[in-house]
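Numbering (our numbering), first residue to last: 2 to 330. No residue lacks a Cβ here, since even glycine has one placed at the ideal position from N, Cα and C. Reviewing the structure listed below.
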Amino acid sequence: MTASLNNIVALLTQQENVTVISHRSPDGDTLGSAVALGLALRQAGKDVDFLCHDQIPQKFHYLFAPAPEWLKRKEDPIAAAKGRFLIAVDVADPKLMGDSLQALSDQIDLCIDHHKMSVEFAKVTYREADSAATGEIIYTLLCQMGTTITPEIAGCIYTAVSTDTGCFKYVNTTPRTLRIAADMVESGAPASDINRWMFDTITRGRLELQKLALETLEYPYDGRCVTMVISREMMKQAGASGEDVEGINGIPRQIDGALVGITIREKKSGGYKISMRSQPPVDSSAICAVFGGGGHVGAAGCTFDEPLECVKEKLVKAVGDYFTAHGIL
Numbered sequence: 002m003t004a005s006l007n008n009i010v011a012l013l014t015q016q017e018n019v020t021v022i023s024h025r026s027p028d029g030d031t032l033g034s035a036v037a038l039g040l041a042l043r044q045a046g047k048d049v050d051f052l053c054h055d056q057i058p059q060k061f062h063y064l065f066a067p068a069p070e071w072l073k074r075k076e077d078p079i080a081a082a083k084g085r086f087l088i089a090v091d092v093a094d095p096k097l098m099g100d101s102l103q104a105l106s107d108q109i110d111l112c113i114d115h116h117k118m119s120v121e122f123a124k125v126t127y128r129e130a131d132s133a134a135t136g137e138i139i140y141t142l143l144c145q146m147g148t149t150i151t152p153e154i155a156g157c158i159y160t161a162v163s164t165d166t167g168c169f170k171y172v173n174t175t176p177r178t179l180r181i182a183a184d185m186v187e188s189g190a191p192a193s194d195i196n197r198w199m200f201d202t203i204t205r206g207r208l209e210l211q212k213l214a215l216e217t218l219e220y221p222y223d224g225r226c227v228t229m230v231i232s233r234e235m236m237k238q239a240g241a242s243g244e245d246v247e248g249i250n251g252i253p254r255q256i257d258g259a260l261v262g263i264t265i266r267e268k269k270s271g272g273y274k275i276s277m278r279s280q281p282p283v284d285s286s287a288i289c290a291v292f293g294g295g296g297h298v299g300a301a302g303c304t305f306d307e308p309l310e311c312v313k314e315k316l317v318k319a320v321g322d323y324f325t326a327h328g329i330l
């Protein structure tokens with residue numbers, strides 16, 4: 002069922018043992034939001050734990066400085082969650098919790114999320130599809146809880162809203178987003194450091210991978226769509242990690258004239274993971290929904306278990322169909 006923020010505050014007040022869960026391949030929003038909420042609940046006297054299917058990327062470790070024990074991966078996460086109040090944060094679909102946490106998908110007590118395309122799976126859900134980041138919702142919730150916004154919590158919220166808006170460049174950025182960011186800076190968030198860590202620092206592996214990926218660029222529809230491929234062989238050759246890939250997903254959309262940028266990444270298990278970015282008036286989530294995916298208007302994704310050329314053909318056709326239907330071609 003859905004609930005108001007007041008309902009959520011009352012519900013959280015009744016809990017003693019809480020586990021906050023982020024989605025797999027964690028980004029700044031799911032981690033910043035989860036840690037901010039966890040710190041606030043701990044401030045309220047709750048026993049708080051944290052779960053994520055994947056290892057936390059090194060660049061986000063600063064978020065966990067007040068609770069480094071949350072970084073330790075559980076040998077048996079299902080057992081660790083037993084008997085606790087489970088909160089999924091920024092999770093639009095239970096499949097996004099990852100294989101190690103799938104058994105918990107029907108046990109989630111509360112989901113707090115901002116995705117337009119989503120699956121109802123928690124006992125209680127609070128969703129604001131017009132929020133640029135789940136971090137915006139968490140900030141409002143913490144204010145209603147009476148949480149003291151410490152510099153550590155402020156840093157978490159700032160990370161959440163800045164990363165999900167591309168450092169406030171994406172179309173989802175609103176006046177509310179900027180006001181929250183300003184509030185977090187006033188509360189002690191190290192904004193300049195976070196901006197440097199998130200947006201101005203790259204690894205050598207990412208740089209080498211970027212060089213290889215740029216050679217795969219293709220420009221359908223006179224460059225209004227741009228595709229880029231990242232293979233496992235390229236990853237190996239560059240010495241790159243999954244974290245490095247996330248840093249270059251946005252390159253195709255940055256090219257002048259591109260309305261849609263598509264990164265096609267080969268998965269370790271086979272098949273391909275698609276990261277789609279778009280400029281107005283294109284809705285990435287609508288295109289990815291054709292293939293069972295989803296996300297945001299400006300950033301969405303889906304997966305394929307087919308050969309690369311087939312994947313590219315289907316994606317480019319779907320983009321063309323969208324262009325035609327909306328008078329872009």
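Taking the straight line between their C-alpha atoms, what separation do you get for residue i and residue j?
i: T126; j: E216; result: 44 Å
i: Q211; j: E219; result: 15 Å
i: A68; j: M98; result: 21 Å
i: A192; j: I249; result: 22 Å
i: C303; j: F324; result: 19 Å
i: R205; j: K237; result: 13 Å
i: S276; j: N173; result: 17 Å
i: G272; j: I231; result: 12 Å
i: T141; j: G224; result: 41 Å
i: S188; j: K73; result: 28 Å
i: A287; j: E137; result: 24 Å
i: C168; j: D184; result: 16 Å
i: A326; j: L208; result: 38 Å
i: E121; j: D114; result: 11 Å
i: T160; j: F61; result: 9 Å
i: E153; j: I195; result: 12 Å
i: A130; j: K269; result: 32 Å
i: A66; j: I109; result: 26 Å
i: S101; j: I329; result: 43 Å
Residue i lies in the alpha helix (DSSP H); which residues open and close that run?
i: F65; result: Premise fails: F65 is in no alpha helix (DSSP H) and is neither H nor E.
i: A239; result: 233-239
i: T14; result: 6-14
i: K315; result: 309-326
i: S276; result: Per DSSP, S276 belongs to no alpha helix (DSSP H); it is in the beta strand (DSSP E), 273-279.
i: T20; result: Per DSSP, T20 belongs to no alpha helix (DSSP H); it is in the beta strand (DSSP E), 18-22.
i: R43; result: 29-44
i: S286; result: 285-290
Please state if the CB of residue j and the CB of residue i are separated by a distance shorter than 8 Å.
i: R278; j: A300; result: yes
i: G156; j: L6; result: no
i: A37; j: I158; result: yes
i: G295; j: H116; result: yes
i: E17; j: D48; result: yes
i: V246; j: V261; result: no
i: A134; j: T175; result: no
i: T264; j: M235; result: no
i: L42; j: L111; result: no
i: T164; j: M118; result: no
i: Y222; j: G321; result: yes
i: M146; j: A4; result: no
i: V19; j: F86; result: yes
i: A319; j: V298; result: no
i: L105; j: A82; result: yes
i: V317; j: C226; result: yes
Under DSSP, the beta strand (DSSP E) around residue i begins and ends at which residues?
i: G262; result: 261-267
i: G302; result: 300-305
i: T126; result: 125-128
i: I249; result: Run containing I249: none in the beta strand (DSSP E); it sits in the alpha helix (DSSP H), 243-249.
Check the Cβ-Cβ distances between residue i and every residue of chain C, and say whether any is below 8 Å.
i: I288; result: You won't find chain C in this structure, because it holds only one protein chain.
Legend entry - Length at least 4, wholly inside the segment 52-115: the alpha helix (DSSP H) runs in chain order: 78-82
Inset, instruction - Check whether the segment 17-31 touches the segment 74-91, counting contact only when three or more Cβ pairs, one atom from each stretch, lie closer than 8 Å. - result: yes
Inset, instruction - Please go through the segment 139-227 and give each complete alpha helix (DSSP H) segment of 4 or more residues, from N-terminal end onward. - result: 152-164, 176-187, 192-200, 205-215
Inset, instruction - Tell me, please, whether the segment 12-26 touches the segment 38-54 by the rule of three or more beta-carbon pairs shorter than 8 Å. - result: yes
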